[in-house]
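Residue numbers (this note's numbering), protein chains in the order written: chain P, 1 to 253; chain U, 1001 to 1265.
To start, the structure itself, in structure tokens.
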């Protein structure tokens, strides 16, 4: 399976007005360089998920432009990890991961299976559990399958919508480290929506704070890579944390 | 997680209260008939019913087989037609709004009112009995499967949109599997109705022929005042309904079980 080359994302004055007339996004400008990672934070209801859905093509913006246009790229170029694992309960882990390849019609069935098994291995999912159905898996295992499913098409752009929000702290830390490790080994353009400031700093090259329907502030993250969860302890991390916290407090006011 | 199967001892233990009630009811019935000298044409004693059951075992056995076959065929036809119509309904709101009132009509029209019409069109035979059984069992299957086909998890729907899955892949890989649990529910509701439909159909069909089904023989024994045989046939009808329900539960658990378990999201 040929990986798609990482592609930049460019949002210009993106606006979204909901049918009731409420403006969720009022002119978002956001750039993510090819292979770069931007973390989006902001108060609840500020439009983080809406922006991510627009980039994925799951929702049409009512104003502005987004590049690449989702309808102009080959299916499988964009991948999305939902807040819940969203696995199909009637398929086992391998077939859940194969699903995107089946839907876009890429590769032969044996090649699809091999790709699914490869990516399950990459996210640390045990070979013995591949035939298990979602109802037999723990929350962390399901999220690993969900990650593998997003990666199986070798997407150029990976969009993550609070993927670890429902997990306990220990599991969340482990999966954040897995995400960092995956990005180090297979760099691709990523946008991570999160409520967790530490996670946003640890994963992103830049943290953008959404405020009032637009990007209200940006903090560049100059921490060296590879990063580990224990990088959180340093002075540089604390300075960044304070910077993002102050912006969030301003946005919440 | 799949449900752990109860052991035989657990099943026996759980059935004890219901069995005790049955024994109590039969004992009181036997006592009441003797004590108040109730005539047999009004209410025969359990012993008389048991004797009628034994004496007419060949006729009743054959009648049970004929009715069971018609009920199963009616339910199967309702499942196939109901699922096919539900697929049609799920594809377009226009089709749904155009056809749904007529499906509702099929549900609300009293089956005893259209049974004579069905005989006019389809004759005094098993086909008519199956038709009545299928019509009466259709609605729960159709409405449940339609609801299942339309009740997609928003994330699943987004996932299929993300990979630009067309109408057919979405139907086959997402909508139909999602609706399987609803089909199982519809079948469970309809299996009792299928038996009722078959018996009602046989009442009418039996009046113009020597049809051998339970409904037809019950109608004949009613005319002859053989209440003991009638009660025996009623008991067999109830047992048939229970057996159908148990069989459908087993079948849906085996075949559709994996579609029904949750993701635990």
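Using N, Cα and C, we set each Cβ at its ideal position, and we do this for glycine too.
Per DSSP, what are the beta-bridge partners of residue i in this structure?
i	result
residue 63 (chain P)	P:15
residue 161 (chain P)	P:193
residue 207 (chain P)	P:39 and P:219
residue 80 (chain P)	P:159
residue 1209 (chain U)	DSSP output for residue 1209 (chain U) lists no bridge partner at all.
residue 214 (chain P)	P:211
residue 138 (chain P)	In DSSP, residue 138 (chain P) forms no bridge with anything.
residue 10 (chain P)	P:31 and P:67
Can you pull the chain P neighbours of residue i, defined as C-beta to C-beta under 7 Å?
i	result
residue 1165 (chain U)	103
residue 1228 (chain U)	Near residue 1228 (chain U) there are no residues of chain P at all, since even the closest Cβ is about 50 Å away, more than 7 Å.
How far does the alpha helix (DSSP H) with residue i in it reach, from first residue to last?
i	result
residue 241 (chain P)	235-252
residue 1129 (chain U)	1126-1150
residue 125 (chain P)	Run containing residue 125 (chain P): none; DSSP gives neither H nor E here.
residue 1061 (chain U)	1057-1091
residue 1159 (chain U)	1154-1162
residue 953 (chain U)	Since the first and last residues shown for chain U are 1001 and 1265, residue 953 (chain U) lies out of range.
residue 1117 (chain U)	1111-1122
residue 54 (chain P)	48-56
residue 1169 (chain U)	1167-1170
residue 188 (chain P)	Element bounds for residue 188 (chain P): n/a, residue is neither H nor E.
Report the neighbours of residue i on chain U: residues whose CB is nearer than 7 Å to its CB, in chain order.
i	result
residue 56 (chain P)	1162
Could you spell out the range, first to last residue, of the beta strand (DSSP E) harbouring residue i?
i	result
residue 26 (chain P)	23-32
Using a C-beta to C-beta distance shorter than 9 Å, which residues of chain P count as neighbours of residue i?
i	result
residue 1159 (chain U)	80, 82, 86, 88, 99, 100, 103 and 149
Can you pull the chain P neighbours of residue i, defined as C-beta to C-beta under 8 Å?
i	result
residue 1156 (chain U)	86 and 88
residue 1253 (chain U)	Within 8 Å Cβ-Cβ: nothing; residue 1253 (chain U) doesn't reach chain P, min ~14 Å.
residue 1153 (chain U)	86
Practice item. Please name the residues in the segment 74-90 of chain P whose beta-carbon is closer than 9 Å to at least one beta-carbon of chain U, in chain order. Key: Listed in chain order, the positions of the segment 74-90 of chain P with a beta carbon within less than 9 Å of a beta carbon of chain U are 75, 76, 78, 79, 80, 82, 83, 84, 85, 86, 87, 88, 89 and 90.
Exercise for review: Pick out the complete alpha helix (DSSP H) segments inside the segment 1184-1238 of chain U, 4 residues or longer, and give them in chain order.
Suggested key: List check, alpha helix (DSSP H) in window: 1214-1224.
Practice item. Name, going along the chain, the residues of the segment 1165-1196 of chain U whose beta-carbon falls closer than 8 Å to a beta-carbon of chain P. Key: Correct list: 1165, 1169, 1173, 1174, 1177 and 1180.
Review point. Can you list, in chain order, the stretches of the alpha helix (DSSP H) that have 4 or more residues and sit fully within the segment 85-109 of chain P?
Key: As far as the segment 85-109 of chain P is concerned, its whole alpha helix (DSSP H) runs of at least 4 residues are 93-104.
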